[in-house]
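Visitor: Protein chains in written order, with our numbering: chain B, 6 to 274; chain Z, 430 to 834.
Glycine residues also receive a C-beta, built at the ideal position from the N, C-alpha and C atoms.
1) Which of the three DSSP states is assigned to residue 671(Z) in this structure?
2) Could you tell me the alpha carbon to alpha carbon distance between residue 437(Z) and residue 159(B), rounded to whole angstroms?
3) If contacts are defined as beta-carbon pairs under 8 Å, then residue 20(B) and residue 80(B) qualify, I think. What distance do you get, rounded to the angstrom?
4) Which first and last residues belong to the beta strand (DSSP E) in which residue 49(B) is found?
5) Determine the chain B residues that contact residue 691(Z) at a beta-carbon separation under 7 Å, and present them in chain order.
6) Taking the straight line between their C-alpha atoms, what separation do you get for residue 61(B) and residue 671(Z)?
7) In the DSSP assignment, find the unbroken alpha helix (DSSP H) run with residue 805(Z) in it and report its ends.
8) Assuming residue 701(Z) and residue 513(Z) form a contact by the criterion Cβ under 8 Å, report the distance between their Cβ atoms to the nearest whole angstrom.
9) From the beta carbon of residue 816(Z), is the nearest beta carbon of chain B less than 9 Å away?
10) Put residue 125(B) into one of helix, strand or coil per three-state DSSP.
11) Looking only at C-alpha atoms, which of 647(Z), 680(Z), 453(Z), 817(Z) sits nearest to residue 856(Z)?
12) For residue 128(B), collect the residues of the same chain with a Cβ closer than 6 Å to its Cβ; drop the 5 residues on either side in sequence, then sort them by chain order.
13) Extract the residue ranges of the alpha helix (DSSP H) inside the region 524-585 of chain Z, only unbroken runs of 4 or more that lie entirely within it.
14) Assign residue 203(B) to buried or exposed, taking buried as 16 or more other Cβ atoms, counted over all protein chains shown, within 10 Å of its Cβ.
15) May I have the straight-line CA-CA distance separating residue 24(B) from residue 38(B), to the nearest angstrom?
16) Under the three-state reduction of DSSP, which class applies to residue 257(B): helix, strand or coil?
17) Going by C-alpha distance, which of 504(Z), 600(Z), 654(Z), 715(Z) is nearest residue 529(Z)?
18) Would residue 619(Z) and residue 545(Z) qualify as a contact pair, given that the criterion is a beta-carbon distance under 9 Å?
19) Along the region 120-152 of chain B, where does the CB come closer than 9 Å to a CB of chain Z? Name the residues.
20) Would you mind giving the Cβ-Cβ distance between residue 419(Z) and residue 533(Z), rounded to the nearest angstrom? I have them listed as a contact below 8 Å.
21) Can you name the start and end residues of the beta strand (DSSP E) that residue 623(Z) belongs to?
22) Spell out whether any CB of chain B is found under 9 Å from the CB atom of residue 694(Z).
23) Going by the CB atoms, is the gap between residue 687(Z) and residue 106(B) shorter than 9 Å?
24) Return the chain-ordered list of same chain residues with a C-beta closer than 6 Å to the C-beta of residue 435(Z), the five sequence neighbours on each side being excluded.
25) In terms of residue numbering, what span does the alpha helix (DSSP H) encompassing residue 147(B) cover?
26) Exposed or buried, residue 728(Z), counting other C-beta atoms within 10 Å across all chains shown (16 or more means buried)?
27) By the three-class DSSP mapping on this structure, what secondary structure does residue 482(Z) have?
28) Taking all protein chains shown into account, do 16 or more other C-beta atoms lie within 10 angstroms of the C-beta of residue 32(B), making it buried, or fewer, making it exposed?
29) Against residue 672(Z), what residues of chain B qualify as contacts under a CB-to-CB distance less than 7 Å, listed in chain order?
30) Listing by chain order, which chain B residues have their CB less than 9 Å from the CB of residue 679(Z)?
31) Indicate whether the contact test is met: 3 or more Cβ pairs, each with one atom in the region 593-604 of chain Z and one in the region 515-526 of chain Z, closer than 8 Å.
32) Grab the span of the alpha helix (DSSP H) containing residue 722(Z) for me, first residue to last.
33) Give the C-beta separation of residue 96(B) and residue 188(B) to the nearest angstrom, bearing in mind that I take them to be a contact with Cβ-Cβ under 8 Å.
34) Distance, Cα to Cα, residue 783(Z) vs residue 795(Z)?
35) Beta-carbon within less than 7 Å of residue 238(B)'s beta-carbon, same chain only, minus the 5 sequence neighbours each way: which residues are those?
36) Which residues, taken in chain order from the region 66-100 of chain B, show a beta carbon closer than 7 Å to some beta carbon of chain Z?
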């Protein structure tokens, strides 16, 4: 039985897709042949108990780790094994689980570093302060200020050293810095860790807003079930490096194997 | 303990207009004084305490070594790459000076605005051209050394750079028979190198520019030449610091992985720091060699690398003004300060102690005291201070938080 071409459902517009992605550290298999895909402009989460391989998975997507085997197709390119800055340039931005800002740089400078791959001025233009360089620098500063405001940093934070910012502002600055790379895919590694419920609430709204306004695709690593259920359209569950479940947040949370992974066998049985 | 606000600790991040104005004023006054120093020295100061005041040739040495300090600051201060083999670039600069300004390659006779005799065999280019070529050549060597080594981090990088600092002098020492070709003249080094000057051609066109500084009454022109290099190096330092590249260097120093994830190409950016550092090292090494008219492998010891590194640390890593001051101070002590101190000491105590013999002891004490008492250097960069004092700062913040409301 052959379906007529019109009846075939159009394939979903994928931004990123991994095929049998695998990472081994010596004998330890941190991520085992994970197939994974993200639809453009979706918000999804990767969850799993500690040590399940979530951050390793993230690190392969961003190029921090080279996969042992497997493919990562991002926006039509195989990016597995490319260096970090190339992947960032192609459009994957990230934040870190434990905040990793450039502490002795100001907020504005942090965002400007994020713009590095979108700016062009090299040594000679900088030394001679060519008109091109000066215009680029001025525009970059303007855009950086807009980004800081967009991410909700107070006006006076601009010239404050990142190290001196309040915790919440540091989290916001990390997002601003990641957005400065002009990502298509934004990876957020436990972004709400340490936030109180109001801040978490505001952050969820912000992620949605950014997705809609900037056309982002967002992937989170998250522990807070409330955030997961509320914000993510799809959830992927990793345990011991294996993908054990995938689907709508509500389905996944009810899945027996997921509960097993989180709570242990007996609790479920 | 009284609490310190960030502003008290490091000053406002963005200098206010008045502050900026004052800084520029100070810079202009200092620059003017430095330029007219020879005049002051000859007409007013030479009768007073001559012993202590830097002579013209000391002043030249100070300025030339300050350029090296400023060059190393790109690598160590800005990008945070510990380089213990900076002397390699002094060596490349020195040998380019010899190759392009002596009779080393007597097979050919080339003279382009040189300072030597017109018909002399060998290559004789204009000294300023030689300095430029030496700087560019050293920068290339910097890239060649950088590409394999800069993948390493921290201590490992330091050790490998240390190795390269030894390899280059060894290569020079054994480079007198490269397949029958005498490139470096072995351990004898290169001698009879043309003096620093504007060259005969330029002198004919512009009479006030001396053809060869060797024929002048004293080393004033040498000093002015090196001072020009200092000015250029400071300018380049400031302009690059406040640019896309400068920010990328600091980001790498702060957190290499995060910088990479934010799209900073790590190898390229680190190699550029190395390249620019090597550029100034080569320029300074070349100028020193042109002034001293000879060079040999013995000159490129580890001590030179350490000495230049000390300039950067003592002055204040990452701060241009600090490094310039630290460099000038250490070079002064090295060239003249110790002798002057020794003489004064012996006169006062009527003794006969050879103070300069204890130079390394004295440097050692100086460095140790600085590290203990003022680790951020003479004029620290705001960032560096923040780094070194952030722990105190955090402790205070914690104390404030835990204190009952």
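Guide: Looking at the atomic coordinates:
1) The DSSP-derived three-state label of residue 671(Z) is coil.
2) Reliability of the predicted coordinates at residue 437(Z) is poor, the pLDDT of 41 falling under 50, and no value is obtained from them.
3) The Cβ separation is near 6 Å, so the contact holds.
4) Looking at the DSSP string, the run of the beta strand (DSSP E) that includes residue 49(B) is 48-52.
5) Those are 93, 118, 119, 121, 182, 186, listed as they occur along chain B.
6) If I take the Cα positions, the gap works out to 35 Å.
7) Neither: residue 805(Z) is in no alpha helix (DSSP H) and is coded neither H nor E.
8) Contact between residue 701(Z) and residue 513(Z) does not hold, since their C-beta atoms are separated by about 20 Å, which reaches or exceeds 8 Å.
9) Judged by the 9 Å Cβ criterion, residue 816(Z) is in contact with chain B.
10) Coil, per DSSP.
11) Outside the modelled stretch of chain Z, which goes from 430 to 834, sits residue 856(Z), for which no answer is possible.
12) Within its own chain, no residue has a Cβ closer than 6 Å to the Cβ of residue 128(B) once the five positions on either side in sequence are excluded.
13) For the region 524-585 of chain Z, the full-length alpha helix (DSSP H) segments reaching 4 residues or more read 556-578 along the chain.
14) Exposed.
15) Their Cα atoms are separated by approximately 7 Å.
16) DSSP places residue 257(B) in helix when its eight states are reduced to three.
17) Considering only alpha carbons, the answer is 715(Z).
18) Taking 9 Å as the Cβ cut-off, residue 619(Z) and residue 545(Z) do not qualify as a contacting pair.
19) Residues of the region 120-152 of chain B with a Cβ closer than 9 Å to any Cβ of chain Z, in chain order: 120, 121, 122, 123, 124, 125, 126, 127, 128, 130, 131, 132, 133, 134, 138, 141, 142, 145.
20) Past the boundaries of the shown model lies residue 419(Z); chain Z is included only from 430 to 834, so the question cannot be answered.
21) In the DSSP annotation of this structure, residue 623(Z) is not part of any beta strand (DSSP E), being labelled neither H nor E.
22) With a threshold of 9 Å between beta carbons, residue 694(Z) makes contact with chain B.
23) Result yes, Cβ atoms of residue 106(B) and residue 687(Z) sit closer than 9 Å.
24) Confidence at residue 435(Z) is low in this model, with a pLDDT of 41, below 50, so the placement of that residue should be treated as unreliable; the coordinate-derived value is given next. Correct list: empty, nothing qualifies.
25) Here the alpha helix (DSSP H) through residue 147(B) covers 136-155.
26) Buried, because 16 or more other Cβ atoms sit within 10 Å of the Cβ of residue 728(Z).
27) Of the three classes helix, strand and coil, the one that applies to residue 482(Z) here is coil, per DSSP.
28) Classification of residue 32(B): exposed, given that the 10 Å Cβ count is below 16.
29) The contacting residues are 126, 131.
30) Among the residues of chain B, those whose CB is under 9 Å from the CB of residue 679(Z) are 107, 109, 110, 114, 118, following chain order.
31) Judged by pairs of C-beta atoms under 8 Å, the region 593-604 of chain Z touches the region 515-526 of chain Z, as three or more such pairs exist.
32) Under the DSSP assignment, residue 722(Z) falls outside any alpha helix (DSSP H); it carries neither an H nor an E label.
33) The pair is a contact, with the Cβ atoms about 5 Å apart (cut-off 8 Å).
34) Between residue 783(Z) and residue 795(Z), the alpha-carbon positions lie close to 18 Å from each other.
35) In the same chain as residue 238(B), and ignoring 5 residues on each side of it, the C-beta atoms closer than 7 Å to its own belong to 47, 48, 49, in chain order.
36) The residues in question are 67, 69, 89, 90, 93, 94, 99.
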